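In what follows, a single structure is set out as structure tokens and then discussed.
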Amino acid sequence: MAAKGGSPPPGSLARQPHNPISRPQIETVVSRSVAIFGLVFGAQAVPAVLQQLPTASTVWAITFGVGIYGGIVATLVASFAKRWVRGVNAYVSFAYLVALAGWPFVVDEPLTVVTERPWLWLLCTVATSTAAIAFSTWQATAYLFVTPVVYGLVRITPAGGGASVASATLDIAYAIILGGAVLILITLLRQAAASVDNAQGTALDRYAHAVRQHATEVERVQVDSIVHDSVLTTLLSAARAYTPEAKELATRMARNAMGHLKDAAAASPDDDATVTLDQLARRIADSMSTLSGPFELRTRSVGMRTIPVQSSEAVYSAAMQAMVNSLQHAGTGDDVHRWLVVEGAEGGGIRIGVGDDGAGFALDSVPSERLGLRVSIIERVANAGGSVEIDAGIDRGAVIWITWPQPDASSDGRGQFDAEVSTSAGAPLATGAATSSSAMTGEGQAL
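For the sequence shown, this note's numbering gives the first residue as 158, with consecutive numbering after it.
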């Protein structure tokens with residue numbers, strides 16, 4: 158539906174729609190969050206590390222500390238650099254599991270207090286969270302259960318404090334619950350982002366398909382118009398060319414038809430070239446003077462606004478086809494009065510009227526296979542962003558108004574490419590760019 162005229166509400170230009178959250182964005186947010194909280198948990202574990210440092214072999218204690226804390230810092234750097242995120246998080250997970258499994262072998266003096274846990278306990282949730290970042294859901298789930306169980310086994314050994322099985326079991330359950338909550342949250346966010354990505358990809362595919370279909374339809378209309386306006390007319394003229402003058406005219410028409418086809422093949426819909434409306438008006442008026450019948454020319458100022466070359470060609474060809482139709486079907490006597498109106502339209506556009514008081518035609522008797530009115534005029538102008546209004550009736554003539562650009566839709570909700578076709582009383586008979594392919598004159602000739 159075409160938008161109604163008027164100024165946009167204040168501030169509407171500043172409010173732009175947000176881009177949908179994608180899977181890479183979710184991965185970035187999650188990895189940075191885990192890295193930051195891992196650094197916080199690591200800072201909280203520093204006092205315990207310093208307290209338990211004398212109980213372990215100095216070399217191994219330093220190795221474990223540097224390996225794990227260095228990995229946590231590396232996750233923070235990688236998350237902001239957006240490089241090697243999975244690899245660094247996988248390293249932290251494996252380093253923690255190796256340190257946990259080797260704890261009983263590197264502790265020289267068992268922890269003297271049963272309630273005192275190894276400092277690795279304080280980083281268990283960090284390890285399971287990095288596993289959720291680095292591995293798939295099933296691999297992270299397996300790590301979630303294996304790591305707390307290994308810690309529980311270490312906890313009941315003398316090197317781990319010699320805790321009871323019940324106490325170690327509670328620690329295992331606590332670690333699984335916390336790590337599981339983080340894993341579930343990360344998995345849900347990933348699934349939601351993947352759904353958004355899939356929906357966006359599907360929408361883009363459908364839009365691309367619609368654009369291709371529209372481009373194909375526009376090209377079909379263009380080719381049909383050229384074939385109807387130039388090729389068929391040239392063939393008919395050549396078939397009836399018996400005199401040297403007629404043969405020369407047919408030859409010239411054939412050259413022009415070939416030129417139209419070459420121009421259509423070379424033209425690009427993305428061409429940014431433009432012409433002024435004044436140039437378009439002069440071109441139509443000059444071409445009118447070359448036709449076989451007289452037209453009364455009525456011109457008004459159209460301004461100096463520019464129009465794309467493709468749209469200019471469509472409006473020009475439609476106007477010429479309307480004049481040719483009038484010469485062919487309105488009647489041949491001097492009693493038929495024909496006129497051409499070229500004037501400015503609302504919004505700085507152009508409005509072209511081609512009319513006569515000849516035989517006219519009835520829209521309800523139009524064969525659907527005819528191309529002249531529907532393709533060469535209505536669809537051609539509609540695809541160029543304009544509109545066509547037709548007022549016709551048998552024995553009262555016909556008037557075709559071509560307007561570019563398409564005026565704002567009226568309150569009845571007609572769309573951008575509507576063409577209004579009126580009966581003799583002026584009431585709308587049909588609406589749409591595909592209403593009629595041609596029309597019958599009062600003498601039964603097809604447009």
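By construction, the Cβ of each residue, glycine as well, lies at the ideal position given by its N, Cα and C atoms.
Predicted model, so just to flag it, every value in this text is computed and none were measured.
E453 bridges to which residues according to DSSP?
Paired residues: W496.
From the DSSP output, in three-state form, read off I329 for me.
Reduced to three states, the DSSP call for I329 is helix.
With respect to the beta strand (DSSP E) encompassing A549, which residues constitute its N-terminal and C-terminal limits?
S544 to A549 is the extent of the beta strand (DSSP E) around A549.
Quick check: what's the CA-CA separation for S568 versus Y364?
Low local confidence applies: a pLDDT of 35 at S568 is under 50, so the model's placement there is unreliable, and no value is given.
Can you grab the Cα-Cα spacing for the pair V545 / S483, in whole Å?
Rounded to whole angstroms, V545 to S483 spans 16 Å at the Cα level.
Within a Cβ cutoff of 6 Å, which residues of the same chain sit near P465, ignoring the five residues on either side of it in sequence?
Only T431 meet the Cβ criterion.
Do A202 and L254 have their C-beta atoms closer together than 8 Å?
The answer is no: Cβ separation not under 8 Å.
Taking the DSSP output, what are the residues bridged to D513?
R495 and A555, per the DSSP bridge assignment.
Following a CB-centred definition, is F251 positioned closer than 7 Å to any heavy atom of the ligand SAH?
In the structure on display, the ligand SAH does not appear, and there are no ligands present to speak of.
Grouping DSSP H, G and I as helix and E and B as strand, with all else coil, what is V459?
Correct three-state label for V459: coil.
Return the first residue and the last residue of the beta strand (DSSP E) that T431 is part of.
Start and end: T431 to T433.
In angstroms, rounded to a whole number, what distance separates the CA positions of A235 and L196?
C-alpha separation (whole angstroms): 13 Å.
Would you kindly work out how many angstroms separate the C-alpha atoms of I313 and G336, rounded to a whole number?
Near 21 Å, if we compare the C-alpha coordinates of G336 and I313.
List, from N- to C-terminal side, the alpha helix (DSSP H) runs of 4 residues or more that fit wholly inside the stretch 274 to 351.
Segments of the alpha helix (DSSP H) lying fully in the stretch 274 to 351: 281 to 291 and 294 to 312.
Go through its chain and collect everything with a Cβ distance to H494's Cβ below 6 Å, but skip five positions before and after it.
So the qualifying residues of the chain are D514.
Just tell me which of I290, T282 and P315 has its CA closest to the CA of F302.
Selected option, being the one with the closest Cα: T282.
Just curious, the alpha helix (DSSP H) that S468 is in, first and last residue?
Where S468 is concerned, the enclosing alpha helix (DSSP H) stretches over V466 to H486.
Do the CB positions of A476 and I559 come within less than 8 Å of each other?
Yes. Within cutoff.
Taking Cβ to Cβ, would you say V511 is nearer than 8 Å to L497?
Taking 8 Å as the Cβ cut-off, V511 and L497 qualify as a contacting pair.
For D354 versus R180, is the C-beta distance shorter than 8 Å?
Cβ distance < 8 Å, so D354 and R180 count as in contact.
Flag this pair as yes or no: are the beta carbons of A284 and S321 separated by less than 8 Å?
Their beta carbons are not under 8 Å apart, which means A284 does not touch S321 by this criterion.
How close, in whole Å, do the beta carbons of V459 and A442 come, if the pair is a contact with beta carbons under 8 Å?
Not really, about 11 Å apart at Cβ, beyond 8 Å.
Would DSSP call R189 helix, strand or coil?
R189: helix per DSSP, three-state reduction.
First and last residue of the alpha helix (DSSP H) that includes A213?
Segment: none, A213 is in no alpha helix (DSSP H) and carries neither H nor E.
Please go through the stretch 195 to 256 and give each complete alpha helix (DSSP H) segment of 4 or more residues, from N-terminal end onward.
Complete alpha helix (DSSP H) runs here, min 4: 215 to 238.
For the candidate residues F518, G506 and I343, whose alpha-carbon lies nearest to that of V187?
Among F518, G506 and I343, the Cα nearest to that of V187 is on I343.
Cβ atoms of S533 and Q485: under 8 Å apart, would you say?
It is not a contact, given that the beta carbons lie outside the stated cut-off.
Applying the criterion that 16 or more other CB atoms from any shown protein chain within 10 Å of the CB defines a buried residue, is R274 buried or exposed?
R274 is buried by the Cβ-count criterion.
Tell me the residue span of the alpha helix (DSSP H) that contains V538.
Looking at the DSSP string, the run of the alpha helix (DSSP H) that includes V538 is R537 to N540.
In whole angstroms, what is the alpha-carbon distance linking Q563 and E500?
Computed Cα separation, rounded: 15 Å.
When the Cα atoms are used, what is the spatial distance from A323 to E266?
A323 and E266: Cα-Cα distance of roughly 24 Å.
Give every residue of the same chain whose Cβ lies closer than 6 Å to the Cβ of I509, excluding the five residues on either side of it in the sequence, and list them in chain order.
Closer than 6 Å at the Cβ level, and outside the excluded window around I509, lie A476, V499 and I559.
Answer with buried or exposed for I229, where buried requires no fewer than 16 other C-beta atoms within 10 angstroms of its C-beta.
Buried.
Taking P305 as the reference, give the member of A332, P315, G319 and S286 with the closest Cα.
The shortest C-alpha separation from P305 is found at A332.
What separation, rounded to the nearest whole angstrom, lies between the Cα atoms of T212 and F292?
Computed Cα separation, rounded: 34 Å.
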